[in-house]
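Novice: Residue 182 is where the sequence shown starts when you use my numbering, and the numbers rise one by one after that.
Structure below; questions to follow.
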Amino acid sequence: MRNGTTDGQGTGACAVRHIAIIMDGNGRWAEARGLERIKGHESGVESVRAVTRHAAKLGLEQLTLFAFSTENWKRPEHEVACLMELLERYLVDERDELMESSIRLRSIGRTEHLPDAVRDALHATETLTADNGGMTLCLALNYGSRTELADAARKLAADGAAGRIDLEAMTPEDVERALGERLYQPGMPPLDLLVRTAGEQRLSNFLLWQMSYGEFHVSPVEWPEFREPDLDRAVEDYASRTRSFGGLLQAR
Ligand code: FPP
Numbered sequence: 182m183r184n185g186t187t188d189g190q191g192t193g194a195c196a197v198r199h200i201a202i203i204m205d206g207n208g209r210w211a212e213a214r215g216l217e218r219i220k221g222h223e224s225g226v227e228s229v230r231a232v233t234r235h236a237a238k239l240g241l242e243q244l245t246l247f248a249f250s251t252e253n254w255k256r257p258e259h260e261v262a263c264l265m266e267l268l269e270r271y272l273v274d275e276r277d278e279l280m281e282s283s284i285r286l287r288s289i290g291r292t293e294h295l296p297d298a299v300r301d302a303l304h305a306t307e308t309l310t311a312d313n314g315g316m317t318l319c320l321a322l323n324y325g326s327r328t329e330l331a332d333a334a335r336k337l338a339a340d341g342a343a344g345r346i347d348l349e350a351m352t353p354e355d356v357e358r359a360l361g362e363r364l365y366q367p368g369m370p371p372l373d374l375l376v377r378t379a380g381e382q383r384l385s386n387f388l389l390w391q392m393s394y395g396e397f398h399v400s401p402v403e404w405p406e407f408r409e410p411d412l413d414r415a416v417e418d419y420a421s422r423t424r425s426f427g428g429l430l431q432a433r
């Protein structure tokens, strides 16, 4: 998929490489059907499978999914426990399919604070799939963008204090690059498109830095019902946008 851009490539067009999704509406979907909220999350796992498969087929370099935020711990204990169980099961059950599709699983977030069973399953699946050469599926787990930036700033300050870098001598561009290199996934492909489901129009502390020039697509569909055609619609919407990255459009 291509859209107009002045991306410095001289082509006037660029492919969508990286899509991130805020998977919203699981609770509403379940409650509207008289079900427990967790049933919405369970159905949401099916959407994760379908969308991941489709994203890989579309040739995306990375798909990043907001699976659990630093704020989600405030939910009822039972819901958090069920979500953690779902994540652990997914990380184990999905291994064969990830290997068959050559998908590399990665994560961003303070994963060290996840329950041991989830952390172990995550670590094992990341290790197993590390050398896969296809799409990267990145799960944001115990992720918050402000925390990510605070953690990066802390690393930068520590490197300065230890004399590994000279913060005083750095230009603003150097500092920007150095901060970017200390985010949870250094070298993350530029985020082209952020999709949020269930009609919500907020960023909710997700990928604030990475979304600086990203495009936004809001889908009215609740996550448990989100399927391949909905992702296609998001990509078509992206393809219709004109991206100037703050510059002026080149005549084509
Ligand atoms: C937001 O819906 C969704 C979440 C907080 C969790 C998303 C988790 C999954 C889809 C399942 C596990 C993930 C993976 C990757 C296997 P909400 O509950 O806030 O919905 P609401 O706004 O309607 O209440």
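Glycine included, each C-beta is placed from N, C-alpha and C at the ideal position.
The structure presented is a predicted model; accordingly, all values stated were derived computationally and were not measured.
With respect to the alpha helix (DSSP H) encompassing I219, which residues constitute its N-terminal and C-terminal limits?
Specialist: Start and end: R218 to L239.
Novice: Is it the case that the CB of D205 approaches a heavy atom of the ligand FPP more closely than 7 Å?
Specialist: At least one heavy atom of the ligand FPP is nearer than 7 Å to the Cβ of D205, so yes.
Novice: Assess contact between the stretch 395-410 and the stretch 244-263, defined as three or more Cβ pairs (one per stretch) separated by less than 8 Å. Is contact present?
Specialist: Short answer: they don't touch.
Novice: Just reading off the beta strand (DSSP E) that A321 is part of, what are its end residues?
Specialist: Element bounds for A321: T317 to Y324.
Novice: Does the Cβ of M280 have 16 or more other Cβ atoms within 10 Å, making it buried, or fewer, making it exposed?
Specialist: Classification of M280: exposed, given that the 10 Å Cβ count is below 16.
Novice: Hey, A334 and L360 are a contact pair by Cβ (cut 8 Å); roughly how many whole angstroms apart?
Specialist: 7 Å between Cβ atoms; contact.
Novice: Classify S421: buried if its beta carbon has 16 or more other beta carbons within 10 angstroms, exposed otherwise.
Specialist: By the 10 Å Cβ count, S421 comes out exposed.
Novice: Is N253 a contact residue of the ligand FPP, with contact defined as CB to any heavy atom under 7 Å?
Specialist: Yes.
Novice: Under 7 Å from any heavy atom of the ligand FPP, does the C-beta of W404 make it?
Specialist: Yes - the ligand FPP has a heavy atom lying nearer than 7 Å to the Cβ of W404.
Novice: So for A194, helix, strand or coil by DSSP?
Specialist: Reliability of the predicted coordinates at A194 is poor, the pLDDT of 40 falling under 50, and no value is obtained from them.
Novice: Ends of the alpha helix (DSSP H) at H294?
Specialist: Counting along the chain, H294 falls outside any alpha helix (DSSP H), and DSSP gives it neither H nor E.
Novice: Taking only the alpha-carbon atoms, compute the straight-line gap between V226 and D301 and give it to the nearest angstrom.
Specialist: Using only the alpha carbons, I get a separation of about 20 Å.
Novice: Is V376 near the ligand FPP, judged by its Cβ being under 7 Å from some heavy atom?
Specialist: No, the Cβ of V376 stays beyond 7 Å of every heavy atom of the ligand FPP.
Novice: In the DSSP assignment, the beta strand (DSSP E) including R377 goes from what residue to what residue?
Specialist: It spans L374 to R377 - the beta strand (DSSP E) in which R377 sits, taken as one unbroken run.
Novice: Tell me whether T251 is buried or exposed, calling it buried when 16 or more other Cβ atoms sit within 10 Å of its Cβ.
Specialist: Classification for T251: buried.
Novice: Which complete beta strand (DSSP E) runs does the stretch 301-362 hold, if anything under 3 residues is left out?
Specialist: Those beta strand (DSSP E) runs which fall completely within the stretch 301-362 and span 3+ residues are 317-324.
Novice: List the whole-angstrom C-beta distance separating N207 from R218, where the pair is believed to meet the contact cut-off of C-beta under 8 Å.
Specialist: Sure, about 7 Å apart at Cβ, within 8 Å.
Novice: Note down the Cα distance separating V402 from G344, rounded to an integer number of angstroms.
Specialist: So the two alpha carbons sit approximately 51 Å from each other.
Novice: Using a Cβ-based criterion (distance less than 7 Å to any ligand heavy atom), does L246 qualify as near the ligand FPP?
Specialist: Yes.
Novice: Can you tell me whether T404 is buried or exposed? The criterion is at least 16 other CB atoms within 10 Å of its CB, across all chains shown.
Specialist: The identity of residue 404 in the sequence shown is Trp, whereas the question assumes Thr. Buried.
Novice: Below 8 Å between beta carbons: does that hold for T233 and A201?
Specialist: Cβ atoms of T233 and A201: not closer than 8 Å.
Novice: Using the Cα positions of W254 and Y419, report the straight-line distance between them to the nearest angstrom.
Specialist: Approximately 33 Å, taken between the alpha carbons.
Novice: Can we count A208 as close to the ligand FPP, meaning its CB is less than 7 Å from some heavy atom?
Specialist: Before going on, a small fix: residue 208 reads as Gly here, not Ala. It does: the Cβ of G208 is within 7 Å (strictly closer) of some heavy atom of the ligand FPP.
Novice: With the cut-off set at 8 Å, would you say L239 and H199 are in Cβ contact?
Specialist: No, the pair does not count as a contact, with Cβ atoms beyond the cut-off.
Novice: Return yes when at least one heavy atom of the ligand FPP lies under 7 Å from the C-beta of A379, else no.
Specialist: Indeed, a heavy atom of the ligand FPP lies less than 7 Å from the Cβ.
Novice: Along the chain, where does the beta strand (DSSP E) that runs through L244 open and close?
Specialist: Q243 to S250 is the span of the beta strand (DSSP E), which, as asked, contains L244.
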